[in-house]
Amino acid sequence: MPLLSVADLHTHFRTPRGILRAVDGVSLTIEKGESVGLVGESGCGKSTLGKTVLRLVDPTSGRVTFDGEDVVRLSRDALGPYRRRAQMIFQDPFSSLNPRHTIERILTAPLSVHGIGDRNERRRRVRAMIERVGLPLSSLSRYPHEFSGGQRQRVGIARALILGPDLVICDEPVSALDLSIQAQILNLLVEMKRDFNLSYLFISHDLSVIRYFADRVLVMYLGRVVESAAGADLWAKPLHPYTRALIQAIPDPTRRRQAAPIGGDIASPEDIPRGCRFHPRCPIATSICAEREPALETHAPGHQAACHHAGKLSRPPEA
Amino acid sequence: MTAPLLDVSNLTIRFPTGTPVADLGFAVGEGETVAVVGESGSGKSLTALAIMRLLPRTARTTSGGIRFQGRDLLALPEPEMRRVRGRKIAMIFQEPMTSLNPVLTIGKQIAEVLRLHEGLSSEAARKRSIQLLDLVRVADPHLRVDDFPHRLSGGMRQRAMIAMAVACGPKLLIADEPTTALDVTIQAQVLDLLDRLRRELGMALVLITHDLGIVGQWADRVVVMYAGRGAEEADATRLLDDPLHPYTRGLLAASPRLDARLHYTAGPLREIPGSIASALGEPGCPFVPRCPMALPTCRTKPPPLEEIRPGRLIACPPTLALERADAAAVGR
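These protein sequence lines are chains A and B, in that order.
Each residue of the first sequence is one higher than the one before, counting from 5 in the numbering used here.
Each residue of the second sequence is one higher than the one before, counting from 4 in the numbering used here.
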C-alpha cells in the first residue's frame, strides 16, 4: 500500500473572473521512502496540489489517502495526528518563520501543540534537531532575521522534521537560494531522508534540481499531470511534447545558442483551453488535440503520458 | 581589438556602511554579449547602476573611469548623461511589473521614450510603438498597445520593457537578471529575443545574471564576480570547459545542472562551504574563508585580476602559480 495516494483531486477557487481550476483531476501515489518530483511552471497548480494534500487548502473533490486513512473526510479538529506525520518545507523561509519569535520558540511550538514530551524532553529534542541541521546551539536564542537565506532554510527544515513526520512536501525549497547554497540544502535534505526514512514530494520549477532529487517525476501543466515516469526514463525518452520542451529549456552551459524550444504563453487556469490543455503551444498538435482532452495512459511500464501523439517528434499527417 | 564600446576600469563603489564593489574592471566590445555572473551580494547590480549613473545619493564612485565610446561617463554633466541614458545605453530589470507604470498603457510608456528622446509627435510615436511591439514579437501589437501592464503575462511585460529599452536604438543594453522571474520556457524565448535584437540592431549586451547555465548559451565573454571583485574573466566556452578560480570551479561543481548522471542515490553534490557573508571584513581575498586552496599569503591583500593567457584573467595567486608551473613544465 502506498504511503500517500491521491485520486482525481480537484481544487477550484471562485474568483471575480470565474472559476480558477488550479488542480483539475490529479492522481498520484508516493511509496514509503520514495522521493517524487513534481515539476511545472507557474500557474500549473503544483503548489496548490501540495497544500491540498496537507489540507492547508480544502479540495473541491477527490480523495487523499494517507496510510489507509481518507484525509479529506477528517474534520479540522481531527487533523492533528495527520499533521504530525505530514509536513511542509516552504520556498521562502523568511515569510514562513515568525520574525518576533526566537528559533527556540519556533522549534518548540510544534512539540507543545502536539503535546509531545515535558519541558526537558522538548528542550532536548530542539537542541538535537538544531545541531542535526548544521546550526550551532547558540542559534536558538536568535531571531530569523539574524540568519542568511540558507541558514533560515535549515531552520525551516528543522521545524518540519521536529515532529518526526513520514511525508515531507518540499515546495521550491532551494529556489530562493544562491547557487553556492543550493547544494548545501539539497545535500541536507538527502541526509534527512536517509536518517529519518522520509518520503518526499519535491515541488520545483527547476528540472535540473528535480533530476537530482527524484526517484519518480510527475510533470504538471495547467492543473493536470501530463507525464509520469521514473526519472531516468523521463530524461531518456520524454513522451509528452511539453516535457520535451521543458528539458530543452534547461539552460545548459555546454550548449551554444539555439532557438527557444516552444513559443506561446502559458494560458490562465481561469481560462483553460478546450481539448488538450497544451495544444495552443504544441509543435505537433493536430485537429484532434483541439477537440478531445487526452487521458493519462500507460505507454511503457511505469511510464504514463497524456498526449494523442505521445512519443512522436513531428506532427502526423492529418487524415 | 579596437577601443571597446564600454571600458570599466578600477571601479570602486563606496557607501557609508561599506564598499560593495572594489577595483572592478572589464570591457565590452561593439555587438558583443558579456555576462556578469555572481550571487546576491556580489555587487553585479550596483555595477550596472554605476554605469547608468543611477546609484543612490549616498554612494561614492571612484574609478579609473567608465568610458563609453571614448567618453568618461563619470565626468559627464547630468544633462548630457541624460542624453546617453535611454538613447545610447538602455537598461532592463528583473521584475518588469515594478518598473512599468501601472496606470499608463504600454503604448503610452513606449511613446513617452520616443517623444522625449526622438521628438516624435504623439501620432508618430504611437505608430512606432506598435512597430516596436511587433519587433519584440508581441502578438496583436495594435491591440496590446492600449493594454495596461497588469493585463499582460510576465513574459509579455518583459517584452514590453525590452521594446521600450530598444526604442531609440541604443548601442548598449544592460539586462539585469532579465529572466529570473520568468518560467523556463518563457526564459528561453526572452533570451532568444535579446540575442536576435543584438544582432539586428547592432547592440552590445551586458547580461547580469546569477545563472551560470545561461552563460554558455548566450554570452561571448564572462566576468565572474565575488563579493564586489572580479574573480575570473574568460571566453564563455573556455570558462565552462576549464574554470580556473576556486569559486568558479566550486559553483560549477555544485550545480546539478551540469551532469545528468548526478542523482542523490549516487552521492552528495559538491558544496561550497559557508556563505558570501564571510567575505565581510576580510582584508585579503574575499573568497578565503570558503576556499579549499587558500594560503596564508591570500589573507594579506586582495589579489588583482591578472592575465594568464590572452583574454583569460584570474584573481587567484595560488592558481596562477600552478598554471604557470604547468605551462613551464610542458614547455609552452
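Ideal Cβ positions, reconstructed from N, Cα and C, are used throughout, including at glycine.
Is there a Cβ of chain B sitting closer than 8 Å to that of residue i, yes or no?
i	result
I266 of chain A	yes
R215 of chain A	yes
G54 of chain A	no
D201 of chain A	First, the residue type needs correcting, since residue 201 of chain A is Asn and not Asp in the sequence shown. Judged by the 8 Å Cβ criterion, N201 of chain A is not in contact with chain B.
V194 of chain A	yes
L190 of chain A	yes
E35 of chain A	no
S179 of chain A	no
E45 of chain A	yes
Can you tell which of the options has the C-alpha that lies nearest to the C-alpha of residue i?
i	options	result
H145 of chain B	B:A239, B:H153, B:R131	B:R131
A234 of chain B	B:G122, B:H248, B:R63	B:H248
R17 of chain B	B:A166, B:L9, B:D26, B:M55	B:D26
M196 of chain A	A:R126, A:R136, A:R285, A:R59	A:R136
H266 of chain B	A:V213, A:R25, A:H303	A:V213
L42 of chain A	A:G119, A:G72, A:L250	A:L250
G32 of chain B	B:D329, B:M206, B:S43	B:M206
Y204 of chain A	A:F70, A:A218, A:L211, A:K241	A:A218
E121 of chain B	B:L283, B:R90, B:G21, B:E309	B:R90
P85 of chain A	A:D74, A:I288, A:Q95	A:D74
A142 of chain B	A:V27, A:D237, A:D269	A:D269
R228 of chain A	A:V68, A:M5, A:K50	A:K50
Applying a beta-carbon distance threshold of less than 9 Å, which residues of chain B neighbour residue i?
i	result
G227 of chain A	Those within 9 Å of G227 of chain A in chain B number zero; the least Cβ separation is about 16 Å.
H209 of chain A	D186, V187
V27 of chain A	None at all; the shortest Cβ gap to chain B is about 18 Å.
Enumerate in chain order the residues of its own chain whose CB-to-CB distance from residue i is below 8 Å, with the five nearest sequence positions on each side excluded.
i	result
T290 of chain A	H312, H313, R319, P320, E322
R2 of chain B	Given a span of 4 to 335 for chain B in the structure shown, any question on residue 2 of chain B remains unanswerable.
L141 of chain A	R131, I134, E135
A271 of chain A	L226, P277, R281, P284
V61 of chain A	T15, T52, K55
L323 of chain B	E309, I311, I317
L255 of chain B	L215, L243, P246, L261
Classify residue i as buried or exposed, calling it buried when 16 or more other Cβ atoms lie within 10 Å of its own Cβ.
i	result
E81 of chain B	exposed
L317 of chain A	exposed
S278 of chain B	buried
Q134 of chain B	exposed
I23 of chain A	exposed
K55 of chain A	buried
L7 of chain A	buried
D329 of chain B	exposed
G306 of chain A	exposed
P59 of chain B	exposed
D75 of chain B	exposed
Which chain A residues are close to residue i, counting only those with a beta carbon under 7 Å from its beta carbon?
i	result
Q97 of chain B	Residues of chain A passing the Cβ test: none, with the nearest at roughly 13 Å.
S48 of chain B	Chain A residues near S48 of chain B: none, gap ~14 Å exceeds 7 Å.
L265 of chain B	Y216
At 7 Å on the CB atoms, spell out the chain B contacts of residue i, in chain order.
i	result
A187 of chain A	A257, L272, R273, E274
H16 of chain A	Per Cβ cutoff of 7 Å: no residues; H16 of chain A is ~21 Å from chain B at best.
A162 of chain A	Correct list: empty, because the minimum Cβ distance to chain B is about 18 Å.
E73 of chain A	Simply none; closest approach about 29 Å.
Please compile the residues from chain A whose C-beta is within a distance smaller than 8 Å of the C-beta of residue i.
i	result
A280 of chain B	S152
L254 of chain B	L183, S184
S156 of chain B	D269, I270
At 9 Å on the CB atoms, spell out the chain A contacts of residue i, in chain order.
i	result
M159 of chain B	D269
H213 of chain B	D182, L183
I317 of chain B	Chain A residues near I317 of chain B: none, gap ~18 Å exceeds 9 Å.
Quick one: residues in its chain with C-beta nearer than 6 Å to the C-beta of residue i, no 5 flanking neighbours on either side, listed in chain order?
i	result
A93 of chain B	A168, P173, L176
T251 of chain B	V227, E235
K47 of chain B	V39, G41, I211, M228
R89 of chain A	P169, D170
Q157 of chain A	P97, I189
Interface residues of chain B around residue i at Cβ under 8 Å?
i	result
L250 of chain A	V187, T188
L243 of chain A	Per Cβ cutoff of 8 Å: no residues; L243 of chain A is ~18 Å from chain B at best.
Between residue i and chain A, is any beta-carbon pair separated by less than 8 Å?
i	result
A191 of chain B	yes
L204 of chain B	no
E235 of chain B	no
E33 of chain B	no
I54 of chain B	no
G216 of chain B	yes
E42 of chain B	yes
Is residue i near the ligand FMN, judged by its Cβ being under 7 Å from some heavy atom?
i	result
R89 of chain A	Questions concerning the ligand FMN fall outside what the structure shown contains, since it holds no ligand whatsoever.
Here's a check: name, in chain order, each residue in its chain whose Cβ is nearer than 7 Å to the Cβ of residue i, leaving out the five neighbours to either side.
i	result
R232 of chain B	A25, D26, L27, P289, P305, A318
V139 of chain B	R162, I165, A166, L196
L77 of chain B	T64, S66, G68, I69
A170 of chain B	I113, V116, L117, L135
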